[in-house]
Each structure stands twice: as C-alpha cells, then as structure tokens.
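Residue numbers (the numbering used here), protein chains in the order written: chain Z, 105 to 478; chain X, 105 to 478; chain V, 105 to 478; chain F, 105 to 478.
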C-alpha cells in the first residue's frame, strides 16, 4: 500500500515520513514538495540519510499513485487537493486547519480569512480526534470505495486540551462556568519557516505567552467542548485559551481548569488555614478512576496513577496523551493536565492513527513506541 | 556599611552576594555558611573568583559585625536569628517563608509544619513586597534604632502573581469569583540541593506541572489577594495556584485569570463566530493605562505597551517585573501575565530593594541594570 | 526468546528496555534491579506506563530465565554475573568497562582500580565494536552452545572516536604523530546518580571540558587505535582525549585530528594568504569516498556527503554513527567528525547490535529507526 | 562624554548599549541603525524598556555628536565610517573584521572578498586585544587629538584562543609543531539575522561542527599566534581551527592543543599502563603559575586554580576570560582551555575595554561585574 504525503519540507510532513517509514502496512511512500520537487528527502532532512530514500514529486503525482493521501501544507491549500483525492476515491487526511470545522464555514472564515473551496466536501469531512470520533471515522472508512473520506486532523493544542476534558464533559461533571485552558508548547509548533520569534536566541532560555485571546485554535477548542458535553448549552460558551512558548523542541502541556457542577462540588470549610487533604484526595481518586475507565479502550491515552503528573519529556516522539486529574483545594474545580508530543499525537501520529482506523488496521500500527525517558 | 548574609551556599544567597557586591552603599560583606565555614566563597561559587573575596564565617559573627542582616537559609531557621539581630537593633531581612505570614501562626503551621519561635517578633514583622507595603517598610526603617525591623521577603511565585493583580484588586475591578494563577518557573526555583527532579536529564527539554494544589506559596498568594483587595470579602477566597517547571535556569512567568465584576464586564455577542476585536482592544487599553498609571512611581514595574507580552528572558538578572494586561474574548475575565527573574525580583533583588527602603537609599541602588536581551 | 537486563534503573538499562521491547525476535524481557526489586518498571520510569510492563526481579532470576543477558550495572559488577551466565551457556553482554580490555588486566587495574575476578573469562571475551570485530563476534555466536560468549560493549566516547578513525588507520593513511580526540557529550553520559555537576543549573546553558587527561575512556581509545592500525607501532602511542559537557540530554560529537603520513600530505604553499581550496577539496573527496566504500556494508555508519557535517540532533535515538571527513587547510591533517547518540550507538543500541550478530539476526533488528529531525 | 554606536539592531550593538548605559564616564549614548532610524531602542529590544531610552538616528549624526564611535555593523562597512571619525579626531572602535588585519590587505581580501577602502587608515589602526596590545592602544589614545585612533576589535574565537596561548608563545614554551584550536560557541555568535541554522529546532538540543577549515577567524588566529610568539618562524604556521555550535545563548569555550618544545617535554614511560600522575601534575602546576604570574596585571584574565576548569556559564555576561592550563598524559602537549562570553569579552565588553584604555579610564569601568553563577 502506498501512502502519499504532500508538503514534506515542513516539520509535520517530515515527522509523517518518519512514522510512515516504519508502518507495517505501508510498502511505499510517495512525497511531494512544491519548493523541493526533484530533490531527495535526505537533502532537505539529513536525518533520513540512508534510512529513507524518496525523490520528491508534486501533488498531482502523489494523489495519482497513493492509496491514502496526507496533506501537511499550510492552511488554505487542502480544499483543492481533497477534491482530487475524493474524485479517485482516495482517503484524504489533512493536517492543516482547513477541514477541522466540518460545515461551519462561518467560523472558519472568521478565524482563517478564506471561504471554503467546496462546501460539499467539507460537509462530509470528519474531525479526526479518534478518541471522540472513532466510530464516525471507521464508518467513513468502511464506505471508502463509494463515499468521500476526508479527515480534518486536529490541531495540537485542541488535541491535548480536548482529551483532558472529554470524560468530564461527556459524563456531565461540569457546570456551565468558564473553562480555562492554559498551555505551553515546544518551539516546533511554530514550524520551519524562519520567523524572528523562533530564532534561537529570541526564545531559548525564556518562557512567554503569545497570541493571548487570538490564537486560531480557540474556536476549535470551543467547538470541541460543545460537542463533547453531555448536555450542551444552547450557545457555545467561550473558552479562555492561553498558549505559551517553552524553550524545548517538542511537546505540549495543557493545564485546564473546569468548574464542577453543584452536584459534584465539595462543601469545604474555607476558613480552615489549610483545606482537608483527605476529602480532596478521595474526590480526586474518584475522578481519576472515572477517567481511567472512560479511556480503557483507547490505546494512546494514559491516565496517570494517583500522585503522578504528566511531563512532555515522558511522551516524546510517541503518540501517547498522558492525563492527570486533580481537584482544586476548595473542591470546586477540576484541574486537568495533559501532555502530548505536538509533532506526533498533535500532528503526524494522530494522522496515522486516523489512517489506521479508516483502513481497519490495528490502531497502534506504526505507532507502537515505548517512549524514551528523555 | 557592612551587609551580612547568612546561608550563602544556596542559589539565593549567592545571588545576594552578587548584587550586594556592586551596591554603592555597601562597603563590606560578611557572609556565613554552616556547611562551608572557613572556606572562601570562590571555592563554593567559582564565578566569584577574583571578583569577590569573602571568607565564610558563622551566623553569630555575621550578626555581630553587620549593619543589616539577610538570611537565605531554608524555612525554619530565621526565628532565632531574627531575635539576635533585633537585640542589637540590626534590621533583619529573611528570604525564607518564616516571616511571610505576620502574626498568622496558624496558617504558617498548617503549611510549614512548625510553630513560631517568638510570636512577638513575628507580630512586628512586615511582609516585604515593596510595591504594596513601601510605606510600612519605610516607617519601620525610620525607627530602626528603637524598634525591631524584621522583613519577610516574599516568595517568588507570590511576587509575580501579586504584582499582576494588585492594581485590579485595589481598584475594585474584580468580582468575588475564582482567581486562577498558573505559573512556570525556571529550575533554579528548586534550589541547589540535589534532588532527582532537578537532575538535568529529568527536567531538560520537558515541561511539567508539579505540586498541584499543595505548593506552599498558595496561602501566601491567597493572603496577598485578600489584603490587596479594595473591599476584601469576609473570608479569604481560595485561589487556585498551579506551578510548572520550564527547562531554563531562571525566571517566573505567571498567567493569572481574574473575573471582572459586573460593572466592568462587556456584554459581547457570544453567538458571533469571532468576538469583536475593537471592543476588547479598547477595554484592554483602558486597563493597561490604569496599570501604567498605578505603577508609575514603582521603578521596577514595567507595564508593557499595547500588544507586547512579557518573557522571562527579557528580565533576566534584573529586578524588573514586566506586566501585560489582556481581557478574555468575552470581555469577562482579566488575563494578567507577568515575568520576573525568580532569583532577583523573586528573591535576592527584592531583598536588596527592601534594604534600600529601610535605609532610605535610592530604591534602585545596586539594582540599576538594563537587562541583556538574552 | 527472553532477553534479560540486569541494572535497569540507570539510563542505559532503561534505554535497553526501550529498544528490546520492539525487537522482533524478543518475546519476553526479564529485568533486575538491586534497588528496585519487586517494583514495576513504570514506577521507576513513568515513560513506560502501559507500553512496557515488567516486574523487576534479581540478577540470579534474570540469568536463570534469559537466553541472552545484558548487564547495565556500574563498573566492577560484571565479572561475577558473566561467570554465572557462562556456566549456563548464555551469551553475556556487558555495558560497563569490565570486559572492554580483553586479557589486559594491568591497564584495567591501573584505570579502574580493581583486578579481574576471573582472568579466564576475560581472556575469552570480545570487544563489541561490531564494525571492527564483527567476524569475531559472529564466530563466538556460532559456538555459543559450547564456548563462552562474553562481550565488552564499548564506551560511548571510544565508539564515536574509533569509528571515525578506523578507515584511516586500517588503510595506513596516518603517520605516527599525535592523534587528538576532542569530544562533547550530552549530560546523560553522567548517568542517573545525583551529582552536583549534573544538577540542572550547574550545567544548563554552559559548555565546559572535564577530566582533562584523566577520563577512563582514554586507554580504551588508545588501545583501539593500536589494534585498528595497519602497521601498529611497537608501543601504543598516547592519544590525547578531551571530553566536554554540552547542555543537552543526548549525543556525542567527536572531532578527531589525525596526522597524515608523508605519502598522503599535500605540499601546499604556506605563504599564500589563503590555501588553495580546490586541492583540499579534491583530497577531501578522495578520503570521503574511501570512507564511504570502507563502510558500505555497515548499516549503521553513514559517511556524509561532501560538505555535510554531523550533528548529534540528527542521530537522536538511533543507532547511527554519522561521519564526515575533512582535511586541514595545509593538507597535512585529517579532521574527522562523528556523531552518535550516546545512549544508543554509545550504549544500549550497540549492545543490541552485538546480540543481533551473536544470534545471527539481521543486524538492524530492533534498531531500524529513521531518526526524527529533532 | 557621549558614546556613539552605529548598528544597534544586531546582538553585539545591543550588548554595547547595555554596557555603555552603566559606564561611569558615559553620560550620553547616541545610536544609529539604518533599518530602524527614527524608532526607539526599546521597540527593537524590549529588554531596554524604561531602562534605556534612545531614539535611533543615522551614522552621520552619531559620528557628529560622539566623543567615541563604535561600529557594530557587518563586515565591509567600517572603512568609510572610520574615515569620517578620523577626520574629526574621534576615536573609532570597529567590532567587525574590517580593521583586524592592520595593513595586511592581501589576507583580508583573500578571506573577506573586498579590498580596503583606505589603506592609510588601516595602516595606522591597532588590533584591540588589550592584553597583548595595551601599550600600543594607550599610546594611540594619548595622541588622539592629533593622530587617528582606529581599533579593530578582535573576533570572539580569536580572543578566547589567543589569550589561552599568549603566555606559552611569548615565553617560548612551544615547538613549531601544529597548533590545534577546537572551540564551541553559543548560538548568538550567528547574529540576529534569520538563518535556518539558527532556527530553534535546527540547533537546540544538538551539538555540531561547522565551517571546518573555512571559518574566517582562522587567519586572525594564525596571525595572532605569529605575533605573540617569542621567536616567530619565518613563515606563519597554519593553525587548525574547528568551530562548533553548542545549544546555548552565549559563550565560547576554546580547547587548544599546543606542542611543547623539546626543552619542556617530559620523558615519560609510554609503556606504563597509566602515565605517572605526579610528574604531570608538577609540570602542570609550573605552567599554571607561569600563566597566573604572566596575567597578574590583567584584570579580566582569571587563571584558574589547580584542578579547576573553565565553563562558559561561569563567565556569563562578564568580561572575564577564564583559562586553565593542563598538560597531556605524555607530557608533550599543552592543553589550554579558556571561556569567555562571546558577546562581552568576545565583542562589546572588549570594545569598551579598548575605549577605557584609549581614554585612560580604569580598565574595569563599566565592566565590574561579579558574574552570576548561572
């Protein structure tokens, strides 16, 4: 089976090649780059020397000869490619934001500035957060000979944040209060394009927020919360999302604050100099078990044991999402922390996970790694 | 004038020596270390070679020969030293948590496990967050010949978080809703003691939360919020504080979410695909100006210009606290971000700032640096 | 087939588990730790949670139930274990220095301070630098039912340095002049034991030499040079080896200066303001081809194309050794640069490579990775 | 006194502003930037906010109103500016390579590609390595009213390497054998211009050599060796210089191998399994003392005590050059290691040190820092 990747000079495209190259069902990789057509991949990414030998072609060739097509191009390019893939009944998995909003063109336009190329394809596309949409993705896959298969692979921040909230939302633990998602990303989230902010001396040995209130992943997170919720409110509630840059290559760590509803809240004595640890621990352990049970059939979600907390370094280069459940000292707010590798579960790994579900492969095929400790 | 430092083998003590060594009013430094008595400072900290030559003695000698005494010992040791300093009318500035709780022994005991040694001294001590307590500290200083001068130098996280909230709280902008303080620290916050968590390969190239709901700075932050508030509620409201470790030597970046009260909130249309940028910007700029005006006489607070955000790398080795003011997309929550160098404004620099106020020096003496860009 | 690992709480042992867990021929892993007997590996290394489930036992049990035994204990413990493995005809691969010196007890004692436990086993052991000793290792493996198989897995620095020199030495390109090996290692080379030098703030954002003239890898490098040389001199010539610490988790980069013999030297005009680039380039390309041809059957050696230079980040988590060949501006000295991952080709990966050769597996089994770009 | 800086948008220019802003003799700074004329410095470098307020002008204005002019422009721009400064008898200190080669236009052209603009000015210029040329620089300064004062501020690598070799060369300890200078630099050495090699993910967590045999600092190092040598050979001997990139912001660490002459060499027994430590230590200590005595009047050179080694982190943001002296295990080669901050002693600090000598100020004015430990 041939996997095609369009846009391999970016970091996500390169990571896709790395993962696909050891996928047991993929026998051949076809790859395209507009800027490097005709060159060999190891000239662009020397890490691949002697490990992966691919001569880069163009998008049309890749679509022509592939059984599944991944696009790792910047936002705004996937519509036309999806159409070509759909025409030849080839599943299309897009790593950009283009197909993350289903038929909601209005939101996409408001945040990304361009209209949909082909509303029909968007309408049939599915948002590829496998843990939430596995059944829909598999259903698409089963009818792939006759129906279009277009997947909008989730953004990196929305993946980490949504997975941390999914059990609480779908079990109805939360009130309709404000949800706050605070997150930090490694610098690779900024891509390979040369920008001052990602020049080594501008970001190394420094930690900073960026794009407060204006990061494009905000509406994706907000929409996910709405759809994952047991009893969604009439209107979306605006999530607060604050991204930060941490001086490291890879990883996203999300810290999410979600208000418990009144049935769940503890009534702790606020006047005590320190809240009673036992009640908090018991409540925490109850939610932890709920999370563990909720995700027990999801091979890439690791709900951490009591007392443990996630760290981006412990999921490095793997498709895992590590989640810890905590409760605030007053027993009123869930504090969810989750860690992913932004290049893998936040991009290329999740795309391959989608492919696995579409084609009925084992979901861990090509993604079996025990991560290294560092 | 002789400055004395007790406990110089830790990072904060070492940073104090660095700052005091170029203070225009300090002509001599006396330093003590229980573990390194009799050795030279450059044997412990080779960076000081030929720049600073001090033979380490013991606490008693330091108190005996100094005109001001700093203690950079771990929690639990300052009580006895303060007493000795007070007996000879020498101002005492403690960098541990011992004197951060004034007369509130109950809270201190609940979080730090030990009772006060001498309740009387604690009662007279002042919390050394200069921007909030400048007048009280100066008043103490004026009577230093006759009255005890004991300063509890603030914790690093409480400094960054409290300074970001002070204008909003004291001007009554906030509701009584939940305040959330999310923060990241460089690894030096963990001190020089060898602990697995701070071994290079355990924390480098990784980002993680720690001590969720149990960090000892929580009650200090909560107390500060209470006292800074215009109309403090009858009981303290529990702040949620989540610290993280970022793979860098220095710096703290706090991101604080504070709910605006109903007079301040905008009524924005939640159904729009994207909130109206102009209203948010105007509201933001109004608060930014309020902050800038509020802090205009505080030489170490830099309220950033519109659109700018703080980064720990830009305050490195300086006593600055950089603050940016933002408003959430629904106009209901203030998002405050602040950056300090945890070793300087979060420890040694702030201690020297306290000394400057006590002795009536220029507040910037010894702390005049234009920080380097990296 | 069951692989046994003794000493899994150290970084190299942990890395061995990671690699063995995906080795196609290994169906079961047995692991021992003196300090953590009875615990699960994910309690020691949380990265393995749900990816690898092993209850740690003791050395005797591991040797009893394994078909191959790896020891990742500190120096000085392998002798006794090797004996036990040999008694039950189980191949034994030691990652410490204990079996790196063959029968040369004198050198081992002079540098490591202890005598051999059992000179006979040492005499039969083979130094496991596969690219140099593949035939001997394979021969040992073929007779593993009847003859002892004990492998001294090479040190990390000697691996990077020796592989860069091997073609030049064995083809007789070098004079008997001084060889200088200058190298930098990531901090993981210092192990997991808590030492001040590897505490984050002591080594982060700083570069420094260490153990000049006294690093224990020196005699191993010197011995390798002697044995790899076409016409070895009567006595070993003392190599100069200078290790450095670079602020990163993994990787070794060696820069080796080797004087060409008089037949190889160019006679360039030293008075020119700049040496003639063309002659140097041609000479360089000639050696580069020699190297590429020399290593063409070694799957883990990548001789880089003209103009490219190795970087530790490009071999991360892989078993590759990247080598570049350059010639000094006067045409008299070979400048060889090589990069490995110190935890993989410099330790655990090379140990698995040895196992593959011993058992006649494909040499890349378990080690097939296209490295990530970062 | 007004100091002028031309080219302040680069890292070295920015560092110059930081240092000059606290220089006791500088009352005003005038600064120019072709790309940012009319803007305020804090818009380019936010670290300067409220610490340094300068409106950027152009080169002509700066030269017009300054009592000393620094140029931190890229190579090739200083000739014309020097001429203008000289015409109004203003000392000119150039941080580029333009004036590092005195009257040797041939070498400059061969490596930098352009001829001298005005050979006369070059002829009168002095190479600003103060420890070597202090007397010449001071003499220039004394006649500054009547004679041109143009200083070529040394390159960062040549500074670290030359200072490590100066005592050995000038005391005639070395043979005429090959000198090898191996060095590692922080990423700031690459400047602020956006280049792929300095994009965070391309160089973080990785160590690599670059420009082997072709770095432009090579002829500067080679020339320095020639001039520092007691009995220089008839022709320059080609030094081997290999630069590396280490993943950190600042710092250069040089490791220099210099062959002792036959009077200095020890005759050690090469056949011993380990060289006799005592002889080596005695020889080392003898050279260490020679170095310490040699540099005893140089306030920025710290010859480290026996057993200590330099680290870039220990000289951070200071003008120190830390040097350690070692001898190879066979007693035949000096191994010199030196650390500087490439932005300070390797650029801006050294430029200010030159100014201090020219104007007869205390050499440490503006550069008095005890460096922080990290």
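Here a beta-carbon is modelled for each residue, glycine too, at the ideal position from N, C-alpha and C.
*asked:* With distance defined between alpha-carbon atoms, name the residue in F:132, F:213, F:242, F:150 nearest to residue 413 of chain X.
replied: F:150
### Query
Rounded to the nearest angstrom, how far is the Cβ of residue 406 of chain Z from that of residue 154 of chain V, given a contact under 8 Å?
Contact annotation, residue 406 of chain Z with residue 154 of chain V: C-beta distance approximately 5 Å; criterion of less than 8 Å satisfied.
- request: Compute the distance between the beta-carbons of residue 291 of chain X and residue 307 of chain V, then report whether it is under 8 Å.
  value: no
Next on the checklist: With a threshold of 8 Å between beta carbons, is residue 509 of chain V in contact with chain Z?
Outcome noted: Outside the shown range of chain V (105 to 478) lies residue 509 of chain V, about which nothing can therefore be said.
- Checking contacts by CB at 8 Å: is residue 328 of chain Z closer than that to chain X? no
Which first and last residues belong to the beta strand (DSSP E) in which residue 132 of chain V is found? 132-136
**Asked** How should residue 328 of chain Z be labelled, buried or exposed, when 16 other C-beta atoms within 10 angstroms of its C-beta is the threshold for buried?
**Response** buried
- Relative to chain X, which residues along the region 275-295 of chain Z have a C-beta separation below 7 Å, given in chain order? Answer in chain order: 282, 284, 286, 288.
| In terms of residues, what are the limits of the alpha helix (DSSP H) holding residue 481 of chain F? | This structure does not reach residue 481 of chain F, given that chain F is present from 105 up to 478, and the question cannot be answered.
Q.
Does residue 129 of chain X come out as helix, strand or coil in the three-state DSSP assignment?
A. coil
| field | Collapsed DSSP secondary structure at residue 312 of chain Z in the structure displayed | value | Correct three-state label for residue 312 of chain Z: strand.
Note to self: So with CB distances below 8 Å, who are the chain Z contacts of residue 478 of chain X?
What the structure shows: 305, 306, 308, 309, 310
Looking at the structure shown, is residue 108 of chain V part of a helix, part of a strand, or coil, going by DSSP? Reduced to three states, the DSSP call for residue 108 of chain V is strand.
Check: Run through DSSP, which three-state label would residue 195 of chain V get?
Finding: Coil.
*Can you list, in chain order, the residues of the region 230-241 of chain X whose Cβ is nearer than 8 Å to any Cβ on chain F?*
Hits within the stretch: zero.
I need the DSSP call for residue 219 of chain X, collapsed to helix, strand or coil. Coil, per DSSP.
### Cα-Cα separation between residue 120 of chain Z and residue 476 of chain F, rounded to whole angstroms
Spanning the two alpha carbons is a distance of roughly 43 Å.
Rounded separation between residue 323 of chain F and residue 257 of chain F - CA only: 15 Å
- Task: Report the neighbours of residue 412 of chain X on chain F: residues whose CB is nearer than 8 Å to its CB, in chain order.
- Result: 150
Are residue 280 of chain F and residue 219 of chain F touching if we call contact CB-CB under 8 Å?
no
| field | Same chain, Cβ closer than 8 Å to residue 241 of chain V, five either side skipped, listed in chain order | value | 230, 232, 234, 255, 458, 461, 462
query = By the criterion of Cβ-Cβ separation under 7 Å, what are the contact partners of residue 353 of chain V in chain Z?
reply = The answer, in chain order, is 478.
I'd like the list of long-range same chain contacts for residue 342 of chain X, defined as Cβ closer than 7 Å, with 5 residues on each side in sequence excluded.
326
Which ranges would you report for the beta strand (DSSP E) in the region 197-285 of chain V if only whole runs of at least 3 residues count? If we require 3 residues or more, the beta strand (DSSP E) runs fully inside the region 197-285 of chain V come out as 254-256.
- Would you say the region 310-318 of chain V touches the region 354-366 of chain V, given that touching needs at least three Cβ pairs under 8 Å? Inter-segment contact for the region 310-318 of chain V and the region 354-366 of chain V is absent: fewer than three beta-carbon pairs are separated by less than 8 Å.
Could you check what DSSP says for residue 370 of chain V in three-state terms: helix, strand or coil? In the three-state reduction of the DSSP assignment, residue 370 of chain V falls in the coil class, being assigned neither a helical nor a strand state.
Legend entry - Expected contact under 8 Å - CB spacing of residue 471 of chain V and residue 416 of chain V to nearest Å: Actually they do not touch by this definition, with Cβ atoms about 17 Å apart.
**Study point:** Paired residues, beta bridge with residue 442 of chain V - DSSP
**Key:** V:358, V:427
Is any beta-carbon of chain Z found at less than 8 Å from that of residue 346 of chain X? yes
message: Beta-carbon within less than 6 Å of residue 152 of chain F's beta-carbon, same chain only, minus the 5 sequence neighbours each way: which residues are those?
response: 145, 146
Q.
Under 8 Å: do the region 122-139 of chain X and the region 442-457 of chain Z share three or more Cβ pairs, one atom per stretch?
A. no
| request: Report the neighbours of residue 378 of chain X on chain Z: residues whose CB is nearer than 8 Å to its CB, in chain order. | output: 211, 214, 215, 323
* To do: Give the straight-line distance between the Cα atoms of residue 466 of chain Z and residue 138 of chain V, rounded to the nearest whole angstrom.
  => 37 Å
So residue 469 of chain F and residue 228 of chain F are supposed to be a Cβ contact under 8 Å. How far apart are they, rounded? A Cβ-Cβ distance of about 25 Å is found for the pair residue 469 of chain F and residue 228 of chain F, leaving them out of contact under the 8 Å criterion.
Alpha carbon to alpha carbon, how far is residue 431 of chain X from residue 117 of chain X? Give it in angstroms, no decimals.
38 Å
| request: For the region 416-449 of chain F, enumerate the residues whose C-beta is nearer than 9 Å to any C-beta of chain V, in chain order. | output: 416, 417, 418, 420, 428, 430, 431, 432, 433, 434, 436, 437, 439, 441, 443
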